[in-house]
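First to last, the protein sequences are chains A and B. Numbering that gives the first Met the number 0 applies: residue 0 is where the first sequence begins, and numbers increase by one. Numbering that gives the first Met the number 0 applies: residue 0 is where the second sequence begins, and numbers increase by one. Here's the structure, in structure tokens; my notes come after.
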Amino acid sequence: MREFTYERAASPAEAAAAAVRTQGAKFIAGGTNLIDLMKLEIETPRHLIDVNGLGLDKITETDDGGLRIGALVRNTACAADKRVRRDYGVLTRAIVAGASGQLRNKASTAGNLLQRTRCAYFYDTNMACNKRKPESGCSAIGGVSRQLGLLGVSDKCIATYPGDMAVALRVLDAVVETVKPDGTARAIPIAEFHRMWGDTPHIETALEPGELITAVTLPRPLGGKHIYRKVRDRRSYAFALVSVAAVIQKDGTGRFAVGGVASKPWRTADADAALPNVSAAARAVTSGATPTEDNRFKIALVERTLAGVMAEAQGKEG
Amino acid sequence: MPVNLIVNGKRESVDVDTRTTLLDTLREHLKLTGTKKGCDHGQCGACTVVVNGERINSCLTFAVMHEGDEVTTIEGLGMPDNLHPMQAAFIKHDGYQCGYCTPGQICSAVATLEEIKRGIPSHVQEDITQPPRATNIEMRERMSGNICRCGAYSNIADAMAEVAGERA
Numbered sequence: 000m001r002e003f004t005y006e007r008a009a010s011p012a013e014a015a016a017a018a019v020r021t022q023g024a025k026f027i028a029g030g031t032n033l034i035d036l037m038k039l040e041i042e043t044p045r046h047l048i049d050v051n052g053l054g055l056d057k058i059t060e061t062d063d064g065g066l067r068i069g070a071l072v073r074n075t076a077c078a079a080d081k082r083v084r085r086d087y088g089v090l091t092r093a094i095v096a097g098a099s100g101q102l103r104n105k106a107s108t109a110g111n112l113l114q115r116t117r118c119a120y121f122y123d124t125n126m127a128c129n130k131r132k133p134e135s136g137c138s139a140i141g142g143v144s145r146q147l148g149l150l151g152v153s154d155k156c157i158a159t160y161p162g163d164m165a166v167a168l169r170v171l172d173a174v175v176e177t178v179k180p181d182g183t184a185r186a187i188p189i190a191e192f193h194r195m196w197g198d199t200p201h202i203e204t205a206l207e208p209g210e211l212i213t214a215v216t217l218p219r220p221l222g223g224k225h226i227y228r229k230v231r232d233r234r235s236y237a238f239a240l241v242s243v244a245a246v247i248q249k250d251g252t253g254r255f256a257v258g259g260v261a262s263k264p265w266r267t268a269d270a271d272a273a274l275p276n277v278s279a280a281a282r283a284v285t286s287g288a289t290p291t292e293d294n295r296f297k298i299a300l301v302e303r304t305l306a307g308v309m310a311e312a313q314g315k316e317g
Numbered sequence: 000m001p002v003n004l005i006v007n008g009k010r011e012s013v014d015v016d017t018r019t020t021l022l023d024t025l026r027e028h029l030k031l032t033g034t035k036k037g038c039d040h041g042q043c044g045a046c047t048v049v050v051n052g053e054r055i056n057s058c059l060t061f062a063v064m065h066e067g068d069e070v071t072t073i074e075g076l077g078m079p080d081n082l083h084p085m086q087a088a089f090i091k092h093d094g095y096q097c098g099y100c101t102p103g104q105i106c107s108a109v110a111t112l113e114e115i116k117r118g119i120p121s122h123v124q125e126d127i128t129q130p131p132r133a134t135n136i137e138m139r140e141r142m143s144g145n146i147c148r149c150g151a152y153s154n155i156a157d158a159m160a161e162v163a164g165e166r167a
């Protein structure tokens, strides 16, 4: 691991200011993804700004009947919150479908949003990777790509956004609140937070240099049935091949987002509008997909997973 | 950098490089070698310890981030002459073979039963608005971050069931 200096930030604005003041600085919260990548020297920060002491670890109610989840709320605490379980069940379901108990106890809300892809070619520093080293090429394209993406990808990168939590946040229309180094705040809709890879797969989010996530807000509850269905190679502690986060109303209408297939949690308005017609909705959400031979199966798997979700919503299956 | 920790109830002060993980601090600085280094990447759970009441992977956290924290390792749970009920249950149910993953399994198992008691939801719960129960399937799901390559899983679940039953 490369050497780094360390400081504990005193306030969110000071943390953001410190991040642009010190070259090569990064924030550290739970550290479960960052430290892993630092050991592999995929991440090589020269300075770490510890944001754990900033008091951003509360879940509070917003004026418009929603919830504000502090950036440092641990995944376990978020999933276990009574209001989240009652009104935003898809979020609890998504969080507990990911990682392990130990990791969820440490991982933060903001850090979960910022976790890096698990593409094996990104992790293997002997392989070319445009995300790890811009313009170095992509070994995944033409490589073993069963786990990799088919939407929001490009001829520079076919990595997926790996998380579960953000797929639920996408279906809930969450908003990411931040503070910039100049002290100004901004609110980024989750739909605009993660990017499509295009020509710059090393730029993964809408965050500007030094910009710090302070909270994620959820709009007022949607009602309906909250379902998160995750298909993976192991029953627990594995990343999704395909996942579907959905909120389905009694008449079968609703909304859904798909994980494990794209550069970001994937949701489209025409797919939502096609519900309860599963095949039309699945066709709409996978429209424009550019699969490899290895991951073409994910198109059918999206439809089957969505069919499972709809059956569960209608009480036809546990 | 200097760091002050409370490890198994005892105040400890160490001077560590910023890169030193909590795991290496426990093993190399404090000579508490019960906590094991397996994968060193948070995938195997051998390094599981309890920090401020919650189980974490000690390999994926820097010691400097734990100023003032309370850490419980396998040595703090119990020693051969004074076993923790979970340690005794692992022996009784043969919950290990080579033993390398065992300290992490036991720390994780103790914390898992606490998490169930505190009502932390899990992936296998049918109704997440209800309190979870310490069933076999719950324990298997919640222990998935602890790998045992000898495959002692069913005996570990039996040991946990016994301890959970004693508490009920």
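Just so you know, even glycine gets a beta-carbon here, dropped at the ideal spot from N, CA and C.
Using three-state DSSP, classify residue i as helix, strand or coil.
| i | result |
| --- | --- |
| residue 20 of chain A | helix |
| residue 307 of chain A | helix |
| residue 317 of chain A | For residue 317 of chain A, the predicted structure reports a pLDDT of 48, less than 50, and the residue's modelled location is therefore unreliable. The matter cannot be settled from this model. |
| residue 189 of chain A | helix |
| residue 106 of chain B | helix |
| residue 312 of chain A | helix |
| residue 152 of chain B | helix |
| residue 6 of chain A | strand |
| residue 9 of chain B | strand |
| residue 167 of chain B | Its pLDDT being 45, under 50, residue 167 of chain B is placed unreliably by the model, and nothing is read from it. |
| residue 27 of chain B | helix |
| residue 2 of chain B | strand |
| residue 158 of chain B | helix |
| residue 278 of chain A | helix |
| residue 20 of chain B | strand |
| residue 62 of chain B | helix |
| residue 90 of chain A | helix |
| residue 118 of chain B | coil |
| residue 139 of chain A | coil |
Between the Cα of residue i and those of the options, spot the shortest distance and give me the residue it belongs to.
| i | options | result |
| --- | --- | --- |
| residue 223 of chain A | A:88, A:127, A:15 | A:88 |
| residue 161 of chain A | A:146, A:217, A:131 | A:146 |
| residue 111 of chain A | A:32, A:298, A:192, A:0 | A:32 |
| residue 14 of chain B | B:0, B:52, B:100, B:107 | B:0 |
| residue 290 of chain A | A:235, A:153, A:283 | A:153 |
| residue 292 of chain A | A:144, A:249, A:189 | A:144 |
| residue 74 of chain B | B:20, B:46, B:140, B:123 | B:46 |
| residue 275 of chain A | A:298, A:266, A:299, A:248 | A:248 |
| residue 242 of chain A | A:315, A:230, A:18, A:102 | A:230 |
| residue 5 of chain A | A:12, A:283, A:46 | A:46 |
| residue 40 of chain A | B:27, B:152, B:18 | B:18 |
| residue 34 of chain B | B:128, B:92, B:127, B:106 | B:106 |
| residue 269 of chain A | A:262, A:261, A:279 | A:279 |
| residue 43 of chain A | A:58, A:0, A:57 | A:0 |
With 16 other CB atoms within 10 Å as the buried threshold, where does residue i fall?
| i | result |
| --- | --- |
| residue 317 of chain A | A caution first: residue 317 of chain A carries a pLDDT of 48, below 50, which makes its placement in the model too unreliable to give a value. |
| residue 232 of chain A | exposed |
| residue 86 of chain A | buried |
| residue 296 of chain A | exposed |
| residue 149 of chain B | exposed |
| residue 198 of chain A | exposed |
| residue 167 of chain B | Summary for residue 167 of chain B: the model assigns pLDDT 45, below 50, so the residue's position carries little reliability, and this model does not support an answer. |
| residue 130 of chain A | buried |
| residue 9 of chain B | exposed |
Output the boundary residues of the beta strand (DSSP E) element that contains residue i.
| i | result |
| --- | --- |
| residue 258 of chain A | 253 to 258 |
| residue 69 of chain A | 66 to 69 |
| residue 133 of chain B | Taken as a continuous stretch (DSSP letters only), residue 133 of chain B belongs to no beta strand (DSSP E), as it is neither H nor E. |
| residue 48 of chain A | 46 to 49 |
| residue 82 of chain A | Here residue 82 of chain A belongs to no beta strand (DSSP E); instead the alpha helix (DSSP H) covers 81 to 86. |
| residue 227 of chain A | 224 to 230 |
| residue 178 of chain A | 174 to 178 |
| residue 205 of chain A | Residue 205 of chain A -> no beta strand (DSSP E), and no H or E assigned at all. |
What are the partner residues of residue i, as DSSP defines its beta bridges?
| i | result |
| --- | --- |
| residue 55 of chain B | B:48 |
| residue 243 of chain A | A:228, A:257 |
| residue 81 of chain B | B:78 |
| residue 38 of chain B | DSSP lists no partner for residue 38 of chain B. |
| residue 265 of chain A | A:257 |
| residue 198 of chain A | DSSP output for residue 198 of chain A lists no bridge partner at all. |
| residue 14 of chain B | B:1 |
| residue 71 of chain B | B:49 |
| residue 73 of chain A | A:107 |
| residue 25 of chain A | A:47 |
| residue 214 of chain A | A:69, A:176 |
| residue 60 of chain A | A:66 |
| residue 97 of chain B | Its beta-bridge partners do not exist; DSSP assigns none. |
| residue 150 of chain A | A:261 |
Taking the alpha helix (DSSP H) that residue i falls in, what are its first and last residues?
| i | result |
| --- | --- |
| residue 34 of chain A | 33 to 38 |
| residue 122 of chain A | 119 to 122 |
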